[in-house]
């Protein structure tokens with residue numbers, strides 16, 4: 037895992053078509069903006085974990 041330090045309004049380029057920009061930092065909250073093609077799925081990690089947990093519980097539902 038790569039860990040980078042950025043300040044407000046600074047960005048990180050991922051590949052040639054994804055940009056992650058730090059919009060604001062307030063206390064423990066960081067707001068980010070993600071510019072990516074529509075074909076790239078973007079979701080919060082905790083939502084992905086919930087979906088995976090539901091699939092494991094359901095099995096062959």
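Residue numbers (the working numbering): 37 to 97.
Think of the CB as a built atom: it goes at the ideal place given N, C-alpha and C, for glycine as much as any other residue.
Does the distance from the C-beta atom of residue 58 to that of residue 42 stay below 8 Å? Within the chain shown, numbered from 1, the residue matching residue 58 stands at position 22. Within the chain shown, numbered from 1, the residue matching residue 42 stands at position 6. Going by C-beta atoms, residue 58 is nearer than 8 Å to residue 42.
With DSSP collapsed to three states, give me the class of residue 81. Within the chain shown, the letter at position 45 stands for residue 81. Residue 81: helix per DSSP, three-state reduction.
Only counting the same chain, and skipping five residues up and downstream in sequence, which positions put a Cβ closer than 6 Å to that of residue 69? Position 33 of the chain shown, counted from the start, is the residue given in the question as residue 69. A distance below 6 Å between beta-carbons, with the five flanking residues on each side excluded, links residue 69 to the following residues of its chain, in chain order: 57 and 59.
With distances taken Cα to Cα, identify the nearest neighbour of residue 63 among 77, 71, 44 and 51. Locating residue 63 in the chain shown gives position 27, where the first residue counts as 1. Nearest C-alpha to residue 63: 44.
What would DSSP say about residue 53, mapped onto helix, strand or coil? Position 17 of the chain shown, counting from 1, holds the residue named residue 53. Three-state result, residue 53: coil.
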